[in-house]
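Notes follow once the structure below has been shown.
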Amino acid sequence: MIYDVLVIGGGVIGCMTARELSKYKLLVCLAEKQNDVAVGATKANSGIIHGGYDPIPNTLKARLNARGVEKLFEAAEMLNVPYRKNGSLICAFGKEEEQEIYTLFERGRQNGISGLRIISGDEARKIEPELSEEVTLALQVQNAGIISPYKLAIASMGNAMDNGVAFERNFEVTDISKNEEGVFVVASNDGKELMCRYLINCAGAYSGIISKMAGGEEYDIIPRAGEYMLLDKTEGKTVSHTIFQVPTKAGKGVLVTPTADGNLLLGPTAAQVEYSDNTNTTSKGLSDVSLLVKKSVPTVDLSKVITSFTGVRASIEGGDFIIEESKTVGGLINAVAIDSPGLTCCVAIAEYIVNLLRKSGLYLESRSDWNGFRTSEDTFYKLDDNQKNEFIKTHAAYGRIICRCEGITEGEIRACLRQNPPAWDMDGVKRRTRTGMGRCQGGFCSPYVIKLISEELGIPMEEVTKKGGKSYMLTGRL
Amino acid sequence: MTEHDIVVIGGGPAGMAAAVAAFDRGVKDVVIIDRENTLGGILNQCIHNGFGLHKLGQELTGPEYASVYTDMVKERGIKVYTETTVTNLNKEKILTATNKNGLLTIKANSVILAMGCRERSRGALNISGTRPAGIYSAGTAQRLINCEGYSVGKKVVILGSGDIGLIMARRLTLQGAKVEAVCEILPYSGGLIRNIVQCLEDYDIPLYLSTTVCEIHGKDRVTGVTVAKVDENRQPIENTKRFIECDTLLLSCGLIPENELSLSAGIELDRATGGAVVDGMRQTSVEGIFACGNVLQVHDLVDYVSDEAEIAGVGAADYVLGNTEKNQVIKAVAGCGIRYVIPQRVSKDRGDTSFYFRVKAPCGRVRLSAKSGDVVLASVIRQKVAPGEMEKISIKGDMLSKAYGDLVVEMEVL
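As they're listed, the protein sequences go chains B and W.
Residue numbers for the first sequence, in our numbering: 427 to 904.
Residue numbers for the second sequence, in our numbering: 16 to 429.
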């Protein structure tokens with residue numbers, strides 16, 4: 427079979443692009459190297475829907491950010507992805523930093539962003555009582571928010587699959603060539619092959635490698651690691667806005683932000699790393715985050731940390747998104763260096779990519795039966811108590827709580843192992859249902875989840891993995 | 016909405032002992048709610064023996080000790096809701112819970128909290144490195160091995176020399192794994208002395224004190240850990256870092272009382288214990304709500320858990336029957352060398368009272384005293400004390416009634 431379009435990379439950009447493509451009468455496939463979607467930078471970032479004041483005017487980032495925010499809110503609604511329009515506060519400490527506030531305000535104006543206001547430190551503390559006394563000036567951004575980035579990727583892929591997109595997991599691309607008919611032949615490390623007329627490179631930190639493999643442009647991707655600390659939901663109301671620090675000579679500053687799920691997120695650092703898959707946290711990184719957050723919110727209770735993680739973003743010299751059809755390889759669309767505000771722009775980027783395909787000659791005929799609402803989804807969590815009570819009487823598994831910390835039921839876990847895209851491992855269950863994301867971090871529920879995965883996937887317990895590959899949870903029967 | 020006189024949240028050793036004591040005190044409408052499909056709580060996975068030495072004069076395994084109480088619960092016909100999770104509790108003692116039959120709302124006259132505790136996770140410890148499979152808290156590993164029958168790893172490093180870590184060092188060894196090391200960040204072990212002997216020394220498992228794990232390695236599965244000695248501030252010393260190859264890291268770094276429901280009911284917690292502030296009958300700051308077992312303070316011996324639960328059970332029953340401890344309440348506080356004291360508040364006219372506490376650091380020969388001002392209400396000499404071994408001091412009723420101001424429990428090195 428020859429696909430019309432093959433998307434390489436199951437991060438939020440690839441998944442949203444797949445969803446966008448599913449609107450048309452096309453044969454589409456998404457190939458992902460790992461065991462699941464959303465396991466790269468998509469699952470390890472700040473989850474911010476950026477206001478759009480930050481990108482340099484007239485860059486692709488600026489244009490797509492300005493367009494992208496409303497589109498993202500709309501998609502999140504249709505896909506039932508948790509998000510909040512909580513607004514941002516960019517804080518300056520002293521006269522020297524205040525200059526940056528004016529710069530950002532002006533940039534926002536040039537980018538056509540509404541809802542920007544410069545306020546004094548006192549006014550800022552009125553709306554955010556936990557803000558440091560040292561804040562002298564702040565930029566308040568109304569049209570900004572927070573969203574669950576991995577849920578967004580999972581939901582958009584699920585919606586894409588419901589609308590006919592194929593999903594090839596564990597497909598590590600090792601060779602890209604064109605046959606005599608000009609059709610792409612994309613080979614995997616274990617001998618599989620996918621053929622397509624158009625190829626979209628959404629491979630994140632590996633997008634440079636993919637482009638080169640296809641004979642396309644040689645992009646010099648700079649992998650940048652960002653470390654984060656996540657605090658217990660008890661701290662989720664410490665601040666209501668996303669609190670930024672202005673970049674100084676010392677560095678970009680760190681965020682203190684509530685998350686769409688109600689936790690408090692601190693970070694990131696920004697260190698260049700050698701390898702794109704170096705997602706280690708470091709003791710220096712974590713202590714840097716701990717120190718830096720105190721600058722803007724001194725009362726952050728670091729004893730309430732429940733986990734930490736690192737994400738690697740693909741940056742590039744020049745700093746703008748590069749989304750273009752390759753000049754050397756017809757039919758190859760590269761979406762490269764999609765670092766911040768990539769998440770915010772993902773819908774706008776997906777539309778932009780589809781437009782490039784149209785310009786490249788792909789005929790796009792809309793499907794009348796396209797359904798942008800995620801049908802393959804468990805909506806138990808949306809029911810009120812009476813409805814839940816009734817539902818449990820005919821679906822007993824929803825009455826048994828497995829994850830005590832987050833209140834997740836057996837029914838929801840089984841459902842996530844069946845719906846598009848189904849979970850295949852512990853982390854997949856975790857990202858879809860939040861099981862294991864609470865304060866005990868899977869201490870209580872893990873044994874039950876291993877059992878449920880084993881049952882639903884029809885595999886022995888010893889074959890259940892944390893994240894695919896050889897990440898086995900158990901080492902054998904006693 | 017169902018109504019019950021006493022609802023016990025948690026059917027482990029604490030919950031069962033409290034329910035039985037309440038029933039025997041005269042309140043027959045007692046129910047126990049537990050999230051598992053059987054009673055017994057954490058004892059069900061503790062297949063080693065040593066339980067009941069003080070209380071029953073026997074050395075039973077965890078499940079055997081549990082069955083002594085499940086028998087008592089059954090004999091009395093106490094109603095048990097299993098596979099039921101309480102999701103909310105408020106000040107008015109209305110609980111919401113869920114099970115396979117639907118959502119339940121229960122109005123209780125009195126509630127006994129016996130939810131036990133959870134383990135501190137890797138994330139809460141801020142151990143840097145990768146996030147592979149093979150990292151388990153000791154209790155989770157214990158459950159997988161003892162209840163599910165699976166091995167969790169072949170080459171193990173254990174961080175934390177608390178009892179659970181020590182017990183698991185032995186369990187893993189008996190089950191065929193190689194325990195490379197037990198690392199303990201403090202200069203002394205946190206577990207019972209008998210466990211250090213019977214779990215480490217007897218199996219030649221090295222114990223490295225003042226040592227911590229500072230980094231985890233491995234992409235899919237753990238491939239090893241970097242350990243290092245620590246300085247007085249418990250910070251790793253750079254040039255002592257070394258790599259230990261292993262495929263599993265077990266964490267036994269502290270238990271945290273599960274007080275989520277307590278917080279939703281507005282109960283005052285003690286920072287030093289992580290559990291509720293209670294009076295002599297283990298009543299919390301919310302009238303009619305009592306606490307016992309690990310949710311109140313982390314215990315070392317289940318025997319003391321049962322004792323404490325009996326007090327709470329009697330307290331809850333008396334509350335329902337209209338008799339509560341009041342009058343002349345004084346505070347019990349931790350003095351020199353002591354980390355915390357329970358109960359934190361008592362009525363000085365309540366009669367003979369035992370106080371349970373822990374010392375801050377290990378010591379040789381000491382005098383432990385309960386004083387009020389200069390008056391010594393009770394005093395006992397111990398040859399050896401350690402934070403990992405809960406202590407008890409009993410004050411006679413007539414001495415307690417002499418107290419004025421705060422009652423201070425303190426330690427004097429002899």
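We put the CB at the ideal spot given by N, CA and C, even for glycine.
Predicted model only: the values in this text are computed from it and were never measured.
- Under the three-pair Cβ rule at 8 Å, the segment 506 to 513 of chain B does not count as touching the segment 606 to 618 of chain B.
- For Thr668 of chain B, the secondary structure class from DSSP, reduced to helix, strand or coil, is strand.
- Ser472 of chain B sits buried, since 16 or more C-beta atoms from the chains shown fall within 10 Å of its C-beta.
- Put simply, the backbone Cα of Asp86 of chain W is about 34 Å away from that of Ser176 of chain W.
- For the set B:Ser872, B:Ile764, B:Lys856 and B:Glu816, the Cα lying nearest the Cα of Asn491 of chain B is the one of B:Ile764.
- For Ile545 of chain B, the enclosing beta strand (DSSP E) starts and ends at Leu542 to Ser546.
- The Cβ atoms of Ala196 of chain W and Ile24 of chain W lie no closer than 8 Å to each other.
- Separation of Lys469 of chain B and Gly590 of chain B (C-alpha to C-alpha, rounded to the nearest whole angstrom) is 24 Å.
- Contact note: Tyr96 of chain W does not reach chain B at a C-beta cutoff of 8 Å; the least C-beta distance is about 12 Å.
- Contact note: Ala139 of chain W reaches chain B through Val731 and Ile732, using a C-beta cutoff of 7 Å and chain order.
- Between Ile626 of chain B and Ile759 of chain B, the gap from beta carbon to beta carbon is short of 8 Å.
- Lys819 of chain B carries a helical assignment under DSSP once its states are collapsed to helix, strand and coil.
- According to the DSSP assignment, Asp601 of chain B belongs to the beta strand (DSSP E) that extends over Val599 to Lys604.
- The C-beta separation of Ile580 of chain B from Val463 of chain B comes to about 6 Å, placing the pair in contact by the 8 Å criterion.
- Interface annotation, Arg903 of chain B: in contact with chain W, CB-CB separation under 8 Å.
- According to the DSSP assignment, Ile326 of chain W belongs to no beta strand (DSSP E) but to the alpha helix (DSSP H) extending over Val317 to Leu336.
- Straight across, the Cα-Cα distance linking Ser752 of chain B with Val738 of chain B is about 25 Å.
- For Leu276 of chain W, the CB contacts under 8 Å within the same chain, skipping 5 residues up- and downstream, are Ile24, Val101, Asn103, Leu104, Leu128 and Met130 in chain order.
- Cβ proximity to chain W below 7 Å picks out Asp811, Lys814, Asn815, Ile818, Lys819, Ala822, Gly825, Arg826, Ile827, Arg830 and Gly833 from the segment 808 to 833 of chain B.
- Contacts with chain B at 8 Å (Cβ-Cβ) do not include Tyr84 of chain W.
- The three-state reading of DSSP puts Leu311 of chain W in coil, since its state is none of H, G, I, E or B.
- Along the segment 163 to 188 of chain W, the positions whose C-beta sits under 9 Å from a C-beta of chain B are Glu163, Gly164, Tyr165, Ser166, Val167, Gly168 and Lys169, read in chain order.
- Ser702 of chain B places its beta carbon less than 8 Å from that of Tyr632 of chain B.
- Within chain B, the C-beta atoms nearer than 7 Å to that of Thr100 of chain W come from Ile827 and Arg830, in chain order.
- Taking Asp548 of chain B as reference, the option from B:Ala518, B:Glu458 and B:Tyr789 with the minimal CA-CA separation is B:Ala518.
- Here Phe747 of chain B is buried. Its C-beta has 16 or more other C-beta atoms within 10 Å.
- Taking a 10 Å sphere around the C-beta of Ala376 of chain W, we find fewer than 16 other C-beta atoms and assign the residue as exposed.
- Gly538 of chain B has its alpha-carbon roughly 12 Å from the corresponding atom of Val495 of chain B.
- Ile259 of chain W sits away from Asn161 of chain W, with the two beta carbons spaced by 8 Å or more.
- About 6 Å separates the beta carbons of Val507 of chain B and Ser574 of chain B, which is inside the 8 Å limit, making them a contact pair.
- Inter-residue distance for Gly239 of chain W and Thr835 of chain B is about 34 Å (C-alpha atoms, whole angstroms).
- Taking a beta-carbon distance threshold of 8 Å, Pro873 of chain B counts as an interface residue toward chain W.
- Here Met442 of chain B is buried: its Cβ has 16 or more other Cβ atoms, across all protein chains shown, within 10 Å.
- Look at the beta carbons and you see the segment 301 to 316 of chain W not touching the segment 245 to 258 of chain W: under three pairs across the two are nearer than 8 Å.
- Here the alpha carbon of Ser125 of chain W sits roughly 57 Å from the alpha carbon of Thr674 of chain B.
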